[in-house]
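Let me begin by presenting the structure, written as structure tokens, before commenting on it.
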Amino acid sequence: MTSNIVLSEVEYNVVGKRHIRPDGVDKVTGRAQYGADVQLTGLLQGRVLRSPHAHARVISIDTSAAEAHPGVFAVVTAADLPFASLTRDDLGGDYQRLKFASNHVMASDKVLFKGHPVAAVAAESQHVAEEAINLIKVDYEVIPPSMTVRQAMEPDASLLHDDLFTSELGQLSDKPSNVASHMAFEAGDIDEGIKQADVVLEREFETASVHQGYIEPHNSTAFWNTDGQLNIWTSTQGPFVVRTNVADILRHPVSRVKVTPMEIGGGFGGKITAYLEPIAALLSKKSARPVKLLMSRTEVFEASGPAPGTWMKVKLGATSEGKITAADIFLAFEAGAYPGSPVMQGAACALACYDVPNARINGYDVVVNKPKTAAYRAPGSPQAAFAVESVIDEICEQLGVDPVEFRLRNASREGVRRVEGPVFRRIGLVECLEAARNHDHYKMPLNGPNQGRGIAAGFWFNRGFQSAVNISVNPDGTVNLIEGSVDIGGSRASIAQQAAETLGIAYEDVKPTVVDTDSIGYTMVTGGSRTTFATGWAAIEAAEDVKMQMVERAAKIWDTPVEDVEYADGALSHKSDPELRMTFRELARQLLGTGGGITGASNVDPTGEGNGFGVHLVDVEVDPDTGKVTILRYTAVQDAGKAIHPSYVEGQMQGGVVQGIGWALNEEYFFNDQGQMMNSSFLDYRMPTALDLPMIDTVIVEVANPGHPYGVRGVGEVPIVPPLPAIGCAISHAIGNRINRLPANPGAVLEAMG
Amino acid sequence: MPGLVHVSTTINGNPTDFLCEPRQSLLEVLRDVLGMTGTKEGCNDGNCGACTVMFDGRIVTSCLVLGVEAQGKEISTIEGVASPEGLHPVQQAFLENAALQCGICTPGFIVAAKALLDREPDADEGRIRHWLAGNLCRCTGYDKIVRAVLDAEDKMKA
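Chains as they are written, first to last, in our numbering: chain F, 1 to 754; chain G, 1001 to 1158.
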């Protein structure tokens, strides 16, 4: 059996083929320009001074020595941010939101995590800037930190914000709290569902904070011109989001901010927040020079992105026939220093794979003294899946039901209503489960002691949001495709393929370019598995616009009504006169002499969801002496709807799996008792290397999404969801005891073995 | 400010002179002094391999080498892997096998993979995984990278 299988239902000419990506040559030769590669006349380098404490009051900041240091051009603190001179009266109901956003960029009264920015310097070189930040004197009054949700939820917990009140199912509490919000989903009658069950299991789970781990550190270059035009070059998943955030925090007109997205070295959800951009802009304004800021790897760990650590409880009931009757779930997610964990998404994903008649999910968003959490691939879903799928696995063991069979009996399918409301359209979970059961991995028995097999399913919404594409026809019959979606993993190719397919021209005849925020309509982030779906949709609509204009032009040239002209397979023809026929290329050549060039444009905001599902199989072997887990074999099955570029779909699946393996086995923020991260380097924060892994086998299932012209569902998020439970369950089977806490590093596995 | 040091070296076969501060790493010199930004910074402490270059025939992470140490040495970087005739087979194999997603680790992987195949043209999967363990990739899960290196072996023999 081959290791990469595509179960295709529909064949196209360009879509579904494995083309060379347009930006490929630049990326294998070192020519591609990433954010850190920006060079500008008079460019200064900046450094950020960060808090050494996890929780402290800022008593005073003295920047005079840094300002006097030779080679220093500007020093900024939170006092330079507009928020410092705004009052509650100025901002009204927006006060707290802007306060949190501004203080996150640079702390004013309090530092809330180790690594929280307190000041920044622009100087003639990084080394001089580094010298200068060490000359800044900050007086802190250290406060005990609250580091975990359990700690932070205690009644006498150390409070991060004295003005944060719990939003309790929509009502504000009367006492400040670290619990920012409590939300709930309910369906059916939970008590009745538990009564109907023959087996009821309740288990508790914990997962650690983990980082997205992109190899390129955050960077930002800004130039604030004397006329008020602010230009920013940065590596971001969302140039328009950066534009909005920068304009908001700096109280600057959005039209005076231009963000140029450079090539980006990984994001996974972690490169959406504007961390450095407002600071670089302030330094530039003060120095009247362009300023570049780069984070070190330690800064990346300590001050950007982690996915939340969690505390979860799951109670599931099922009949002896293997039907789930009830699910009662408690999720408490770390938000980091400011509210906004993905607990809502975790709650909505927790039971999405199953038709559960009676369910209750309570979710808590809890602030702790860690960096503010950021999105990480299917935010919230992997943790929730770890808890729910692990309990399902244990129920299967108790009932003696095959885990794939159990999931098939309960699987979500068309018409099933999710606990938070939406009803599924045509989805492919059943097909994924069947493909897993038919795979030779599933049929092949384990072949040694201390081995275990795990299986788990996972879900992500795959929503659309806004995208824009312009397509201009060149005189040689090729087209230029202008898009606002940053290309992180081959999306130039997948967007160009959809345009080429729609126009009926060759893939090589579409030249895609990603442009700045002045040059294309609003486009949401490259994230949430939305790009190939929504920007692909925009490309299809822009291509349809081109086709319509080409038909009009042919009609004009042939002096015939538009209705007589047909566009098919990249050619225009007269419906009744076979003599009148032009290829796309032939007409393209005539455009300039017959009324000017043609540009098709589209702005889309597709509603509905792609709804992606995956099912993973993993075999592990546990070393009984050391507790070390080896991944022996891994197979990921996923419904892609339609794989526009199968190689990059496989790449998303394999990459997501390996991030999940790291999350399950090794990765973890390790803090000392003062809340300081002790493993903020790639040496100590151990991500998987090539040596730790086998090949990752894939099966792409194609159950077309009825809500997309080519059936695309989006693929990037789902593959990080099943690995946590699949690996946890595989280890549990290998050692005969349950793994309910991640990471399952050697020490934890030894402990679980007892 | 510390004084600048004059360094004479060879980069990608070309005799090259530059001035640098004694505290500047070779990575900084390549990127900031010479404008050769193909070599990437991922961690600046020798753990990710994005800044991999060849230094007198040995693989090094250029963030852990000082610029002044380049005196009299032969350095080759990602910019020297392709020739006027076209891409190196390793580069071509990375393209055809979709062995890159974001591409930030790619220059380091290509320099390291080429070094392996130059000395061990028949390296098997296990050997490739061992050799490339010093280069971190967060996007691909390494599967397609390993396959690309195996494919490059075939291309180099053809």
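All C-beta atoms, glycine included, are put in the ideal place defined by N, C-alpha and C.
- Using a Cβ-Cβ cut-off of 7 Å, G:N1047 is close to S681, F682 and L683 of chain F, given in chain order.
- Shown here for F:K114: same chain residues with a beta carbon closer than 7 Å to its own, the five before and five after excluded, namely S51, P52, H53, A54, E302, G675, Q676 and M677 in chain order.
- Residue pairing by DSSP places F:A352 opposite no residue, since no beta bridge is assigned to it.
- Secondary structure at F:V699: strand, using DSSP grouped into helix, strand and coil.
- Looking only at F:T298, F:Q383, F:V416 and F:A197, the smallest Cα-Cα distance to F:I324 is reached by F:A197.
- For F:P278, the closest alpha carbon among the candidates F:L293, F:G489 and F:M550 is that of F:L293.
- The stretch 1080-1153 of chain G contains, as complete alpha helix (DSSP H) runs of 4+ residues, the segments 1089-1096, 1106-1119 and 1125-1131 (chain order).
- Cβ neighbours of F:P117 within its own chain (closer than 6 Å, five residues either side excluded): V48, R50 and M106.
- In the DSSP assignment, F:C432 falls within the alpha helix (DSSP H) that extends over L429 to N438.
- Rounded to the nearest angstrom, the gap between the Cα atoms of F:A468 and F:A752 is 51 Å.
- In the structure shown, the three-state DSSP call for F:L44 is strand.
- The beta-carbon distance between F:G454 and F:G728, rounded to whole angstroms, is 7 Å. This is short enough to meet the 8 Å contact definition.
- Scanning chain F for C-beta atoms nearer than 7 Å to the C-beta of G:T1037 yields D37, reported in chain order.
- Along the length of the stretch 256-327 of chain F, whole alpha helix (DSSP H) runs at least 4 residues long occupy 277-287 and 297-303, reported in chain order.
- Membership of G:S1076 in the beta strand (DSSP E) is indicated by the continuous run E1074 to S1076.
- Annotation: the continuous alpha helix (DSSP H) that includes F:Y95 extends over Y95 to V105.
- F:I232 is not a Cβ neighbour of F:A247, given a cutoff of 7 Å.
- F:E586 and F:E544 have their alpha carbons spaced roughly 18 Å apart.
- Interface with chain G (7 Å Cβ-Cβ cutoff): F:S529 is excluded.
- Contact check for F:V525 against F:G238 passes: the beta carbons are separated by less than 7 Å.
- For the 7 Å CB-CB criterion, F:Q498 and F:I540 form a contact.
- Contacts with chain G (Cβ-Cβ distance below 7 Å) from the stretch 689-700 of chain F involve T689, A690, L691, L693, M695 and I696, listed in chain order.
- Taking the CA atoms as reference points, F:L446 sits about 31 Å from F:A378.
- Residue contact with chain G for F:Q498: absent (no Cβ-Cβ distance below 7 Å to any residue of chain G).
- Around the beta carbon of F:N666, 16 or more other beta carbons lie within 10 angstroms, which makes this residue buried.
- Counting only unbroken stretches of 3 or more residues, the beta strand (DSSP E) elements lying wholly within the stretch 459-486 of chain F are 467-473 and 479-483, in sequence order.
- Listed by position along chain F, the residues whose Cβ is nearer than 7 Å to that of G:Q1091 are V28 and T29.
- Identification of residues in the stretch 1015-1034 of chain G having a C-beta nearer than 9 Å to some C-beta of chain F yields E1021, R1023, Q1024, E1028, R1031 and D1032, given in sequence order.
- G:G1038 counts as buried, since at least 16 other C-beta atoms from the protein chains shown sit within 10 angstroms of its C-beta.
- At least 7 Å separates the beta-carbon of F:Y12 from that of F:E508.
- Pairing G:S1083 with F:T626, the inter-Cα distance amounts to about 49 Å.
- Residues of the stretch 712-740 of chain F with a C-beta atom less than 7 Å from some C-beta of chain G do not occur.
- Closer than 7 Å to the CB of G:D1143 there is at least one CB belonging to chain F.
- Counting the other Cβ atoms within 10 Å of the Cβ of G:R1058 gives fewer than 16, which makes it exposed.
- Counting only Cβ-Cβ distances below 7 Å, G:F1094 has contacts in chain F at V28, in chain order.
- According to the DSSP assignment, F:L750 belongs to the alpha helix (DSSP H) that extends over P746 to M753.
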